[in-house]
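Below is one structure; the comments refer to it alone.
In structure tokens:
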């Protein structure tokens with residue numbers, strides 16, 4: 001383990017010798033001396049030797065020859081000498097337990113500057129841990145939220161920019177060269193500006209045009225629906241994709257679900273009073289896009305209002321996410337031909353054949369539907385809506401998708417919308433950031449290969465995998481004490497935890513140039529034509545999706561690219577994925593307390609997702625089935641109701657949270673913290689207490705909780721907070737900290753929080 005620790009330190013920091021400050025040592029020694037040894041009795045020199053007053057007689061005296069007073073004085077001196085020795089020994093041990101390396105001092109500075117020590121941690125731990133960070137980190141221009149995740153992503157983007165612009169690198173694979181060319185085409189602003197709206201206008205004409213620039217009266221609904229879905233990867237009325245069959249995890253299957261809307265959530269359309277400014281900004285944005293594409297202001301206003309009205313009708317039939325959490329209830333398997341009965345306004349077989357070309361499909365093709373009632377209602381809505389409105393809506397879905405790849409006028413229009421929608425201040429965001437992000441989206445595994453080779457070491461991969469093992473052990477060990485679960489289900493739960501597959505850093509294939517090139521072989525990237533490259537990507541993506549149909553899911557197929565600052569758990573593969581992008585400070589740090597409080601809690605969070613209200617429905621093989629005893633299912637629901645009520649009682653800007661909507665993430669936050677802390681305690685038992693950070697004035701166990709909280713330090717605009725409450729399955733950062741902390745007995749013990757203080761309520765919610 002010591003070798004592991006040393007390699008970890010090498011990964012995260014460049015260690016150099018750090019000279020201890022003599023001032024601290026001198027102060028400690030002097031104050032001790034002044035208290036214990038009066039000057040009338042003795043003096044001590046810098047070595048700690050004692051100068052004892054001697055008898056003035058001739059030569060040494062034996063014990064019996066000394067007077068009673070001398071004997072008493074000698075005993076006292078010996079006792080005091082022993083006390084001094086013990087004191088100095090203790091001080092020496094104390095000094096050896098404090099880490100004074102350069103990296104420790106740097107970490108200490110970062111931790112302390114983020115804190116606000118004037119706040120009582122038992123009253124408001126988030127403000128205690130993050131008050132200084134919030135004060136020192138105003139929102140950057142153009143950002144609606146900011147935190148450690150955002151900051152690390154910016155750093156990763158800077159690394160990717162360097163890699164993409166460094167055309168002198170030798171030995172690049174064809175895929176890596178494609179990533180560079182894609183980025184360079186995105187950076188060709190002069191070419192993009194010269195083309196203006198032309199590429200999109202030509203695309204609209206090929207699709208069948210719309211009512212923006214003249215009369216439109218065509219009967220081509222089915223053809224346009226197929227074209228915008230198959231060629232441009234939009235989902236106007238519903239979404240169709242290929243993914244693992246939840247009830248047969250060894251095969252991929254076509255799946256159909258309800259689609260998204262132009263605004264982030266149905267609530268924006270249905271609660272018109274509260275969201276009036278957002279609806280107005282959205283309509284203004286669409287009108288401006290219409291004008292940029294050649295429509296008059298009057299025509300654009302009329303047409304875009306019809307589109308917003310139609311989206312409002314779609315919002316009315318869209319099922320809220322909190323009502324879709326039980327997948328057992330919404331999973332409906334049928335044959336492709338049955339879709340015609342369910343939603344007769346869509347010609348399903350021609351549609352599916354176009355979307356999944358060149359795969360040959362017939363009417364018996366199995367399909368999983370997750371929105372049966374929605375599809376019935378959307379078919380009825382299509383039937384009773386003017387065909388011009390339907391066409392305009394489908395074209396507008398394409399336009400919205402293309403805005404960011406057009407000239408600056410379109411991006412300015414979108415920026416104005418975002419300023420209202422998310423409260424962002426107008427900024428001059430460098431073009432390279434947009435291009436790095438888009439390259440990561442299109443060729444993220446080719447770019448990820450460059451990123452991994454430049455930043456990631458096998459040591460860090462090994463260390464992360466070892467930490468996952470520690471977290472997994474802690475979670476499984478805690479299962480023994482879960483009183484509400486029966487023993488048989490508990491045994492099956494342990495088997496599932498054992499079976500979780502860990503994916504750390506990157507998928508293996510990206511390190512093999514031959515395999516990497518094979519993946520992107522069918523993706524043609526041309527120089528200087530950014531719009532065309534994006535269209536090529538959509539076609540490439542469609543072919544990759546179709547190719548997966550009926551095949552077994554591939555473990556090497558990740559949902560996140562290696563530079564991503566995030567992590568996830570996939571229930572159908574029963575796997576936990578930790579990309580290289582997040583395996584850095586502040587998630588990885590010099591201090592093991594901070595490590596377990598940072599990346600350790602992230603690992604515990606993802607592992608616990610296997611046992612949240614949705615993940616628990618999948619068995620160890622990734623199949624959706626009832627593998628719990630009914631008594632444990634009922635007990636689970638009763639336990640989770642505590643968290644639903646707890647988080648529903650929180651509010652941000654006077655807007656209450658939806659504890660049902662955020663339940664899965666809240667379960668993961670609570671379980672992740674508990675497992676990570678238990679793993680840290682076990683680590684200290686095996687390795688001994690680690691050195692403390694200098695001058696920070698807290699134990700490593702306290703530091704663990706501070707490290708956890710500081711991962712979630714963040715600032716956010718009120719508009720972005722509003723959007724988060726409505727759409728985000730995660731609780732706001734503040735409540736991810738205090739909600740989890742207030743359920744932790746260990747936290748209250750280490751911070752000495754009295755019963756019934758805000759961070760130590762009598763009623764605690766506990767699941768895992």
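Residue numbers (the UniProt record's numbering): 1 to 768.
A virtual CB, placed ideally from N, CA and C, is assigned to each residue, including glycine.
Straight-line gap, residue i to residue j (C-alpha atoms, nearest Å)
| i | j | result |
| --- | --- | --- |
| residue 272 | residue 312 | 10 angstroms |
| residue 343 | residue 234 | 19 angstroms |
| residue 441 | residue 560 | 9 angstroms |
| residue 330 | residue 623 | 15 angstroms |
| residue 212 | residue 223 | 19 angstroms |
| residue 499 | residue 197 | 52 angstroms |
| residue 459 | residue 581 | 15 angstroms |
| residue 568 | residue 218 | 45 angstroms |
| residue 526 | residue 537 | 11 angstroms |
| residue 356 | residue 543 | 7 angstroms |
| residue 557 | residue 689 | 40 angstroms |
| residue 268 | residue 382 | 22 angstroms |
| residue 176 | residue 434 | 19 angstroms |
| residue 706 | residue 417 | 37 angstroms |
| residue 301 | residue 290 | 8 angstroms |
| residue 791 | residue 591 | The displayed coordinates of the chain run from 1 to 768. Any statement about residue 791 would go beyond what the structure contains. |
| residue 216 | residue 394 | 14 angstroms |
| residue 362 | residue 349 | 8 angstroms |
| residue 726 | residue 372 | 24 angstroms |
| residue 765 | residue 740 | 9 angstroms |
Opening and closing residue of the alpha helix (DSSP H) in which residue i lies
| i | result |
| --- | --- |
| residue 748 | 745-751 |
| residue 516 | 513-519 |
| residue 156 | 148-165 |
Check whether residue i and residue j have beta carbons under 7 angstroms apart
| i | j | result |
| --- | --- | --- |
| residue 545 | residue 242 | yes |
| residue 504 | residue 465 | yes |
| residue 307 | residue 377 | no |
| residue 414 | residue 398 | no |
| residue 719 | residue 260 | no |
| residue 368 | residue 549 | no |
| residue 149 | residue 565 | yes |
| residue 672 | residue 605 | yes |
| residue 142 | residue 379 | no |
| residue 715 | residue 134 | yes |
| residue 627 | residue 449 | no |
| residue 336 | residue 365 | yes |
| residue 144 | residue 717 | yes |
| residue 210 | residue 391 | yes |
Where residue i falls, given that 16 or more other Cβ within 10 Å makes a residue buried
| i | result |
| --- | --- |
| residue 266 | buried |
| residue 554 | exposed |
| residue 162 | exposed |
| residue 169 | exposed |
| residue 108 | buried |
| residue 755 | exposed |
| residue 345 | buried |
| residue 250 | exposed |
| residue 123 | exposed |
| residue 594 | buried |
| residue 734 | buried |
| residue 514 | exposed |
| residue 501 | exposed |
| residue 692 | buried |
For residue i, three-class secondary structure by DSSP
| i | result |
| --- | --- |
| residue 143 | coil |
| residue 615 | helix |
| residue 325 | coil |
| residue 98 | strand |
| residue 568 | strand |
| residue 236 | coil |
| residue 625 | coil |
| residue 606 | helix |
| residue 482 | coil |
| residue 241 | strand |
| residue 543 | helix |
| residue 114 | helix |
| residue 503 | strand |
N-terminal and C-terminal residue of the beta strand (DSSP E) that residue i is part of
| i | result |
| --- | --- |
| residue 257 | 248-258 |
| residue 579 | 575-579 |
Heavy atom of the ligand PLP within 6 angstroms of residue i beta-carbon
| i | result |
| --- | --- |
| residue 299 | Judged by which ligands are present, the structure shown has none, so any question about the ligand PLP falls away. |
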